[in-house]
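This report refers to the structure that appears directly beneath it.
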Amino acid sequence: GCGYPQVSPKAYELSKALYSVCNQQSAERLPAISQLIEDSLADGSLQENEGAWLKEIVTLGQNGDWESAARETRRIMDDQVGR
Numbered sequence: 010g011c012g013y014p015q016v017s018p019k020a021y022e023l024s025k026a027l028y029s030v031c032n033q034q035s036a037e038r039l040p041a042i043s044q045l046i047e048d049s050l051a052d053g054s055l056q057e058n059e060g061a062w063l064k065e066i067v068t069l070g071q072n073g074d075w076e077s078a079a080r081e082t083r084r085i086m087d088d089q090v091g092r
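If you want our numbering, it's the position in the sequence shown, counting the first as 1, plus 9.
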């Protein structure tokens, strides 16, 4: 991909949390992040496309591909700089 568009404050907050989990390779914390993503989608603070990206990253972590998961999460955050 060629980067991510601007994301909501909630998506950025969840990206930071997810990045921390991926960096620590903390599989036991992934369900909590998944729940936060679902809750944020339900209350409208997270857009559908943002939820989809974050869920894909959670899946990478669940599959043990922590490196890719951390890289994608980092890219979401980096792509927000200067917006």
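Yeah, the Cβ is synthetic: ideal placement off N, Cα and C, and Gly gets one too.
Check: How should Glu81 be labelled, buried or exposed, when 16 other C-beta atoms within 10 angstroms of its C-beta is the threshold for buried?
Finding: In the sequence shown, residue 81 corresponds to position 72, counting from 1. Result: buried.
Notebook entry, point to check: Comparing alpha-carbon positions, which option in Lys25, Thr68, Asn58 lies nearest Pro14?
Noted result: Within the sequence shown, residue 14 is the residue found at index 5, counting from 1. Answer by Cα proximity: Asn58.
Margin query: Below 8 angstroms, how does it come out for the segment 53-67 and the segment 23-36: are there three or more Cβ pairs, yes or no?
Written below: yes
Note to self: So for Pro14, helix, strand or coil by DSSP?
What the structure shows: For the purposes of this step, residue 14 is taken as the residue at position 5 of the sequence shown. Pro14 carries a coil assignment under DSSP once its states are collapsed to helix, strand and coil.
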